[in-house]
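> Chains as they are written, first to last, in this note's numbering: chain A, 1 to 284; chain B, 1 to 349.
Dropping a structure here in structure tokens format, bear with me for questions.
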Amino acid sequence: MLTILFDGVAYGMLMFVLAVGLSVTLGLMNFVNLAHGAFAMAGGYVTVVLMNRYGVPFLACLPLAFIAAALLGLVLERTLYRRLYERPHLDHVLFSIGIVFMAVAAVDWVMGSSQQNLRLPPWLSGRFDVFGVGVGRYRAFLIAVCGLLVITLELAVARTRFGSRLRAAVDDRRVARGLGIPVDTIFAATFAVGSGLAGLGGAMGAELLGLDPTFPLKFMIYFLIVVAVGGTSGLVGPFVAALLLGVADVAGKYYAPAFGAFAIYTVMIAILLLRPQGLFARPR
Amino acid sequence: MADAVDAATTGSAAARVGATLAAAHRPRRAEIVFWLLVFVAPLALPRHALLGNEIAILALFALSLDLILGYAGIVSLGHAAFFGVGAYTAGLFAKHVTGDPLAGLAVAAGAATLVGFATSFLVLRGTDLTRLMVTLGVALMLGEIANRAAGITGGADGLQGVAIAPLFGRFAFDLTGHTAFAYSLSVLFVLFLAARRLVHSPFGISLRAIRDNPLRAAAIGIPVNRRLVAVYTIAATYAGAAGALLAQTTQFVSLDALAFERSADVLLLVVIGGTGYLYGGFIGALVFKLAQEGFAGLTPQYWHFWVGLVLVVLVLIGRDRLHGAAARLLARAARATTRSPATGGAETR
Numbered sequence: 001m002l003t004i005l006f007d008g009v010a011y012g013m014l015m016f017v018l019a020v021g022l023s024v025t026l027g028l029m030n031f032v033n034l035a036h037g038a039f040a041m042a043g044g045y046v047t048v049v050l051m052n053r054y055g056v057p058f059l060a061c062l063p064l065a066f067i068a069a070a071l072l073g074l075v076l077e078r079t080l081y082r083r084l085y086e087r088p089h090l091d092h093v094l095f096s097i098g099i100v101f102m103a104v105a106a107v108d109w110v111m112g113s114s115q116q117n118l119r120l121p122p123w124l125s126g127r128f129d130v131f132g133v134g135v136g137r138y139r140a141f142l143i144a145v146c147g148l149l150v151i152t153l154e155l156a157v158a159r160t161r162f163g164s165r166l167r168a169a170v171d172d173r174r175v176a177r178g179l180g181i182p183v184d185t186i187f188a189a190t191f192a193v194g195s196g197l198a199g200l201g202g203a204m205g206a207e208l209l210g211l212d213p214t215f216p217l218k219f220m221i222y223f224l225i226v227v228a229v230g231g232t233s234g235l236v237g238p239f240v241a242a243l244l245l246g247v248a249d250v251a252g253k254y255y256a257p258a259f260g261a262f263a264i265y266t267v268m269i270a271i272l273l274l275r276p277q278g279l280f281a282r283p284r
Numbered sequence: 001m002a003d004a005v006d007a008a009t010t011g012s013a014a015a016r017v018g019a020t021l022a023a024a025h026r027p028r029r030a031e032i033v034f035w036l037l038v039f040v041a042p043l044a045l046p047r048h049a050l051l052g053n054e055i056a057i058l059a060l061f062a063l064s065l066d067l068i069l070g071y072a073g074i075v076s077l078g079h080a081a082f083f084g085v086g087a088y089t090a091g092l093f094a095k096h097v098t099g100d101p102l103a104g105l106a107v108a109a110g111a112a113t114l115v116g117f118a119t120s121f122l123v124l125r126g127t128d129l130t131r132l133m134v135t136l137g138v139a140l141m142l143g144e145i146a147n148r149a150a151g152i153t154g155g156a157d158g159l160q161g162v163a164i165a166p167l168f169g170r171f172a173f174d175l176t177g178h179t180a181f182a183y184s185l186s187v188l189f190v191l192f193l194a195a196r197r198l199v200h201s202p203f204g205i206s207l208r209a210i211r212d213n214p215l216r217a218a219a220i221g222i223p224v225n226r227r228l229v230a231v232y233t234i235a236a237t238y239a240g241a242a243g244a245l246l247a248q249t250t251q252f253v254s255l256d257a258l259a260f261e262r263s264a265d266v267l268l269l270v271v272i273g274g275t276g277y278l279y280g281g282f283i284g285a286l287v288f289k290l291a292q293e294g295f296a297g298l299t300p301q302y303w304h305f306w307v308g309l310v311l312v313v314l315v316l317i318g319r320d321r322l323h324g325a326a327a328r329l330l331a332r333a334a335r336a337t338t339r340s341p342a343t344g345g346a347e348t349r
């Protein structure tokens, strides 16, 4: 029971790291980026290749995965995404689905369609007991790293100058621009960091979620759930939503495996019907 | 006296509106030529009947999406849900009740209508994003059900043992696909005529008003929600019919019918052909299937890379600009061949 809760929290925190970038970019530019998972996949594959081919240690791979995905995000944002902000949502959807399809096929071509194995270092595998509760080492590691990230992000958004500009831009882009806040630059930086976080999440989640070329399609709905349920006006909403999703998903798969992901979809649709703005957002 | 004047002006206004409406849904010359060509196709290209059948089914599916996307402005990422419901219903009906194709088609379309009506209330609220997610969620949920209920649907192996009786007791669905092609084309034509009638009716015009500005549409007294429910349900019927055609003519249903890729593909091909004038899906379906045939020989599993590339390029160039250029070309061609004002081009809006 507690083990399930623990696994669920680890899973949820991972989901938060994966999806937080999407929530910020959606709130900031109102851009529906279905290709967010492609950046996560990029991070995951960078890690797998570095570890399995070049023997880079796991811990060193994580920042590299972050940097690779962030760079990819930055380049794509500057060259392609930024042209589309003012377009209707249909264009966003078509464009990002196109990116997803291309990413899936390209990775399939380069790496093959089989699931990638990530050999975790020995100190991260196995379990230990805390007061009789079995705790996976890797999951404890995930919770620690993701928890640190959450605190760092929250401080960065709440305390720094960049954070206050970011919040201003999310609240009202036009007024923020009128006040001389460089919204475009902020958005590029946010997009890069968000993609980087997705890459980091993909790297850390490769072992837990499984990594194959269909990763962006498989988890697209999960990212969207986090964003839609959590709302786009802060970090707390997506965080709670991700934790709920993680615990519910792990518990659902454990207690009622026959229903599979069914429960998650039902809950999502119900929440969207009752609170279209998300659980925690104030309706505008 | 004042009443009489009022009556006269409203009368003439009504007459003018009526005349405009009638002019809009009078068949144009280009359309007649188009359908003549379509019905000559099975005779002219007998060896490509199977491909033609697929194109006709895809065109019907695209027509269904165009009804809600082009006319009501609902962006759906889960339109395959209704396609799949239609396909599975038709398959199961043929397997367990009777193999009569027309009865199966009606039952399948009916089932999709019910599911469409039930889920239409989910797309009324919220923004584009909520709609996207809800439609996607419904499709995923149905996919999950079809996957889990393997005892009924065959799960990942697909539904096998679907046997379809000959059409009207005479024309068997054989391997050449001639019956299938003619059957699908006829269904497509009948449903197209109904859709054409629908979008040129006051109902269709009110839908366009809702698409362009829901708030204003509500202000002039259009019952926005009821209209959206109606068109969403109708679109579901069409998608269900398309799914039923696929199940009947291939005599097989797989989880593909509900897959996300199917929803994305149909969105793509409606956008390629242009939204909001009914023929967009036909053009899109033709281009899409021919391209798929062409590319499949080279790179079967990387087909979706090219789909993605087309999507990205299409959006970057700008859908409007592309269709504007196509419309101008058509108009110029029409002016060059006949002296009459452009017919094909004027419709490409």
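Quick reminder that beta carbons are idealized off the backbone N, C-alpha and C, glycines included.
If you're wondering where the values come from, they're calculated on a predicted model, not measured in any experiment.
1. Spell out whether any CB of chain A is found under 8 Å from the CB atom of ASP128/B.
2. If contact means a Cβ-Cβ distance below 9 Å, which residues of the segment 244–276 of chain B contact chain A?
3. Please list, in chain order, all residues of the same chain as ILE4/A whose beta carbon is under 7 Å from its beta carbon, the five residues on each side excluded.
4. Would you give the residue range spanned by the alpha helix (DSSP H) that TYR183/B belongs to?
5. Please compile the residues from chain B whose C-beta is within a distance smaller than 9 Å of the C-beta of ALA105/A.
6. Cβ closer than 7 Å: which chain B residues qualify as neighbours of ALA40/A?
7. Would you say MET111/A reaches chain B, if we count a Cβ-Cβ gap shorter than 8 Å as a contact?
8. Give the DSSP bridge partners of LEU211/A, in chain order.
9. So MET15/A and LEU245/A are in contact, right, with Cβ under 8 Å, and what is the actual spacing, rounded?
10. Following the continuous alpha helix (DSSP H) through ARG125/B, name the residue where it begins and the one where it ends.
11. Which residues bound the alpha helix (DSSP H) around SER164/A?
12. Looking at THR233/B and GLY137/B, is the spacing between their C-beta atoms short of 8 Å?
13. Taking the CB atoms as reference points, tell me whether ALA62/B and VAL253/B lie closer together than 8 Å.
14. Less than 8 Å between the C-beta atoms of PHE39/A and ALA198/A, yes or no?
15. Should THR237/B be labelled buried (16 or more other beta-carbon atoms within 10 Å of its own) or exposed?
16. Give a yes or no on whether 8 Å exceeds the smallest Cβ distance from LEU217/A to chain B.
17. Which of the residues in the segment 315–329 of chain B, read from start to end, lie with their CB under 8 Å from any CB of chain A?
18. Would you check if the segment 66–80 of chain A and the segment 229–240 of chain A touch, i.e. whether three or more CB-CB distances between them fall below 8 Å?
19. Under a CB-based cut-off of 8 Å, is PHE101/A close to chain B?
20. Assuming the contact rule is C-beta atoms closer than 8 Å, LEU191/B and LEU60/B should be a hit. Round their C-beta distance to whole Å, please.
21. Quick one: using the 10 Å Cβ neighbour count with 16 as the cut-off for buried, is ASP157/B buried or exposed?
22. Give me whichever residues DSSP pairs with PHE58/A in a beta bridge.
23. Using beta-carbon positions only, say whether ASN147/B and GLY155/B come within less than 8 Å of one another.
24. For MET13/A, collect the residues of the same chain with a Cβ closer than 8 Å to its Cβ; drop the 5 residues on either side in sequence, then sort them by chain order.
25. Just checking my contact of THR89/B with ALA106/B at CB under 8 Å: how many whole Å lie between their CB atoms?
26. Would you call the segment 276–294 of chain B in contact with the segment 104–124 of chain A, where contact means no fewer than 3 C-beta pairs closer than 8 Å?
27. Does LEU136/B have its Cβ less than 8 Å from a Cβ in chain A?
28. Is there a Cβ from chain B that is less than 8 Å from the Cβ of ILE269/A?
29. Where does PHE262/A sit, in a helix, a strand or coil, going by DSSP?
30. Using only CA atoms, which one of ARG227/B, LEU102/B, LEU77/B lies nearest to ALA241/B?
31. What in chain B is Cβ-close to ASP91/A, meaning under 8 Å?
32. Taking 8 Å as the threshold (C-beta atoms), are LEU50/A and CYS61/A in contact?
33. Evaluate the contact criterion for the segment 183–198 of chain B versus the segment 21–40 of chain B: three or more CB pairs, one atom per stretch, below 8 Å.
34. Determine, for LEU84/A, whether the minimum Cβ-Cβ distance to residues of chain B falls below 8 Å.
35. Which runs of the alpha helix (DSSP H) spanning at least 4 residues fall entirely within the segment 41–89 of chain A, listed in chain order?
36. Assess contact between the segment 308–322 of chain B and the segment 75–95 of chain A, defined as three or more Cβ pairs (one per stretch) separated by less than 8 Å. Is contact present?
In brief:
1. As a first step, residue 128/B must be located in the second sequence, where it is residue number 128. The Cβ of ASP128/B sits closer than 8 Å to at least one Cβ of chain A.
2. Listed in sequence order: PHE260, GLU261, ALA264, LEU267, LEU268, VAL271, THR275.
3. Here residue 4/A is taken as the residue at index 4 of the first sequence, counted from 1. Around ILE4/A: VAL250, ALA251, TYR254.
4. By one-based count along the second sequence, residue 183/B stands at place 183. Where TYR183/B is concerned, the enclosing alpha helix (DSSP H) stretches over 178–199.
5. Here residue 105/A refers to the residue found at position 105 when the first sequence is read from its first residue. What ALA105/A touches in chain B: THR299, GLN301, TYR302, TRP303, HIS304, PHE305, TRP306, VAL307, GLY308.
6. Here the question's residue 40/A lines up with position 40 in the first sequence. The contacting residues do not exist; ALA40/A stays about 17 Å from chain B at best.
7. The sequence position of residue 111/A within the first sequence is 111, counting from 1. Chain B contact via Cβ: absent.
8. Position 211 of the first sequence holds residue 211/A. Paired residue(s): GLN116/A.
9. Your numbering for residue 15/A matches position 15 in the first sequence. Your numbering for residue 245/A matches position 245 in the first sequence. With a beta-carbon spacing of about 6 Å, MET15/A and LEU245/A fall inside the 8 Å limit used to define contacts.
10. Locating residue 125/B in the second sequence gives position 125, counting from the first residue. Careful: ARG125/B lies outside any alpha helix (DSSP H) and carries neither H nor E.
11. Within the first sequence, residue 164/A is the residue found at index 164, counting from 1. Note, SER164/A: alpha helix (DSSP H), 161–171.
12. Within the second sequence, the letter at position 137 stands for residue 137/B. Within the second sequence, the letter at position 233 stands for residue 233/B. Contact: no.
13. Within the second sequence, the letter at position 62 stands for residue 62/B. Within the second sequence, the letter at position 253 stands for residue 253/B. No; because the gap between Cβ atoms is not below 8 Å, this pair is not in contact.
14. Reading the first sequence from its first residue, position 39 is the one you call residue 39/A. Reading the first sequence from its first residue, position 198 is the one you call residue 198/A. Yes, the pair counts as a contact, with Cβ atoms nearer than the cut-off.
15. For the purposes of this step, residue 237/B is taken as the residue at position 237 of the second sequence. THR237/B should be labelled buried.
16. Here residue 217/A refers to the residue found at position 217 of the first sequence. Using a Cβ-Cβ cut-off of 8 Å, LEU217/A counts as an interface residue toward chain B, since at least one Cβ of chain B sits closer than that to its own.
17. Contact annotation: in the segment 315–329 of chain B, residues whose CB is within less than 8 Å of a CB in chain A are VAL315, LEU316, ARG319.
18. Too few Cβ pairs lie closer than 8 Å, so no.
19. Counting from 1 along the first sequence, the entry for residue 101/A is found at position 101. So, interface residue.
20. Position 191 of the second sequence, counted from the start, is the residue given in the question as residue 191/B. Position 60 of the second sequence, counted from the start, is the residue given in the question as residue 60/B. Indeed they touch by this definition, with Cβ atoms about 6 Å apart.
21. Against the second sequence, residue 157/B aligns to sequence position 157. By the 16-neighbour rule on beta-carbons within 10 angstroms, ASP157/B is exposed.
22. Along the first sequence, one-based indexing puts residue 58/A at 58. Paired residues: none, contrary to the question.
23. The count along the second sequence starts at 1 and reaches residue 147/B at position 147. The count along the second sequence starts at 1 and reaches residue 155/B at position 155. In this structure, ASN147/B lies near GLY155/B, with their beta-carbon atoms less than 8 Å apart.
24. Mapped onto the first sequence, residue 13/A falls at position 13. The residues are LEU142, ILE143, CYS146, GLY147, VAL150, ALA242, LEU243, GLY246.
25. Walking along the second sequence from the start, residue 89/B turns up at place 89. Walking along the second sequence from the start, residue 106/B turns up at place 106. Rounded to the nearest angstrom, the Cβ distance from THR89/B to ALA106/B is 10 Å, too far for a contact under 8 Å.
26. Because the criterion of three Cβ pairs below 8 Å is not met, the segment 276–294 of chain B and the segment 104–124 of chain A do not touch.
27. Against the second sequence, residue 136/B aligns to sequence position 136. True, the Cβ-Cβ gap to chain A drops below 8 Å.
28. Here residue 269/A is taken as the residue at index 269 of the first sequence, counted from 1. Yes, ILE269/A counts as interfacial toward chain B.
29. Within the first sequence, residue 262/A is the residue found at index 262, counting from 1. If DSSP states are grouped into helix, strand and coil, PHE262/A belongs with the helices.
30. Residue 241/B sits at position 241 when you count from the first residue of the second sequence. Taking only the C-alpha atoms, the option nearest ALA241/B is LEU102/B.
31. Numbered from 1 along the first sequence, position 91 holds the residue referred to as residue 91/A. Close to ASP91/A, with beta-carbon spacing below 8 Å, are these residues of chain B in chain order: VAL315, ARG319.
32. The count along the first sequence starts at 1 and reaches residue 61/A at position 61. The count along the first sequence starts at 1 and reaches residue 50/A at position 50. Result yes, Cβ atoms of CYS61/A and LEU50/A sit closer than 8 Å.
33. Counting C-beta pairs closer than 8 Å gives three or more between the segment 183–198 of chain B and the segment 21–40 of chain B, which meets the contact rule.
34. The count along the first sequence starts at 1 and reaches residue 84/A at position 84. Closer than 8 Å: yes.
35. For the segment 41–89 of chain A, whole alpha helix (DSSP H) runs of length 4 or above, ordered along the chain, are 58–79.
36. Yes, they touch.
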